[in-house]
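A.B. asks: Residue numbers (this note's numbering): 6 to 145. The C-beta atom is built at its ideal place from N, Cα and C for all residues, glycine as well. None of these values were measured; they are calculated from a predicted model. Can you read through this structure? Questions will come right after.
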């Protein structure tokens, strides 16, 4: 009979490959989000001012709907029809129940155009809606 003591194998070392993979995934995610944020600011929209306005305040994962002076609707710098916006918002609402949406309307846009976008959000069952505004000292 063979009664040898088994030698401990030692602990498995820390695996670096999965950690490096995760770091690259995070890096790509942050780079993509930065590009999307820049697209939103490239549109020539003059946001109105308010006493409670905050410059640069953004939450992770929020969807920004831009309304220009002529009443055009833009998401990620892409013009959308009302029907297409409703379809996109319904898909988002099905996946994420409390999806934050920010309506970024030009200060010279018609009130009716903003209400139209707000009504589309309501039809899509999006309830977490905010309006974009700059602080008073940013007024030009």
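Taking 7 Å as the line, does the beta carbon of residue 16 fall inside it for any heavy atom of the ligand HEM?
C.D. replies: Among the components modelled here there is no ligand, and therefore nothing to report on the ligand HEM.
A.B. asks: Please classify residue 111: is it buried, with 16 or more other beta-carbons within 10 angstroms of its beta-carbon, or exposed?
C.D. replies: Here residue 111 refers to the residue found at position 106 when the chain shown is read from its first residue. Flag for residue 111 reads buried.
A.B. asks: Going by C-alpha distance, which of 73, 35, 94 and 97 is nearest residue 1?
C.D. replies: Because the chain in this structure spans residues 6 to 145, residue 1 falls outside the shown range and cannot be described.
A.B. asks: How far does the beta strand (DSSP E) with residue 181 in it reach, from first residue to last?
C.D. replies: The displayed coordinates of the chain run from 6 to 145. Any statement about residue 181 would go beyond what the structure contains.
A.B. asks: Just the Cα atoms here: how many angstroms apart are residue 80 and residue 103?
C.D. replies: Reading the chain shown from its first residue, position 75 is the one you call residue 80. Reading the chain shown from its first residue, position 98 is the one you call residue 103. Approximately 18 Å, taken between the alpha carbons.
A.B. asks: Buried or exposed: residue 145, going by 16 or more other Cβ atoms within 10 Å of its Cβ?
C.D. replies: Here residue 145 corresponds to residue number 140 of the chain shown, with the count starting at 1. At residue 145, the pLDDT of 47 sits below 50, so the modelled position is not reliable and the matter cannot be decided from this model.
A.B. asks: Where does residue 35 fall in DSSP's three states?
C.D. replies: Along the chain shown, read from residue 1 onward, the residue named residue 35 stands at position 30. Three-state result, residue 35: helix.
A.B. asks: What does a CB cutoff of less than 6 Å around residue 114 pick up in its chain, not counting 5 residues either side in sequence?
C.D. replies: Position 109 of the chain shown, counted from the start, is the residue given in the question as residue 114. Contacts found: 72 and 74.
A.B. asks: Let's see if you can read the secondary structure: which residues bound the beta strand (DSSP E) around residue 93?
C.D. replies: The sequence position of residue 93 within the chain shown is 88, counting from 1. Unbroken run through residue 93 is the alpha helix (DSSP H), 87 to 100; no beta strand (DSSP E).
A.B. asks: Where residue 37 and residue 77 are concerned, what is the direct C-alpha to C-alpha distance, given to the nearest angstrom?
C.D. replies: As a first step, residue 37 is located in the chain shown; it is residue number 32 there, counting from the start. As a first step, residue 77 is located in the chain shown; it is residue number 72 there, counting from the start. So the alpha carbons of these two residues sit roughly 25 Å apart.
A.B. asks: May I ask which residues mark the beginning and end of the beta strand (DSSP E) holding residue 69?
C.D. replies: Taking the chain shown and counting its residues from 1, one reaches residue 69 at position 64. Start and end: 68 to 72.
A.B. asks: Thinking C-alpha only, which one of 89, 88, 92 and 70 is nearest residue 82?
C.D. replies: Along the chain shown, read from residue 1 onward, the residue named residue 82 stands at position 77. Among 89, 88, 92 and 70, the Cα nearest to that of residue 82 is on 70.
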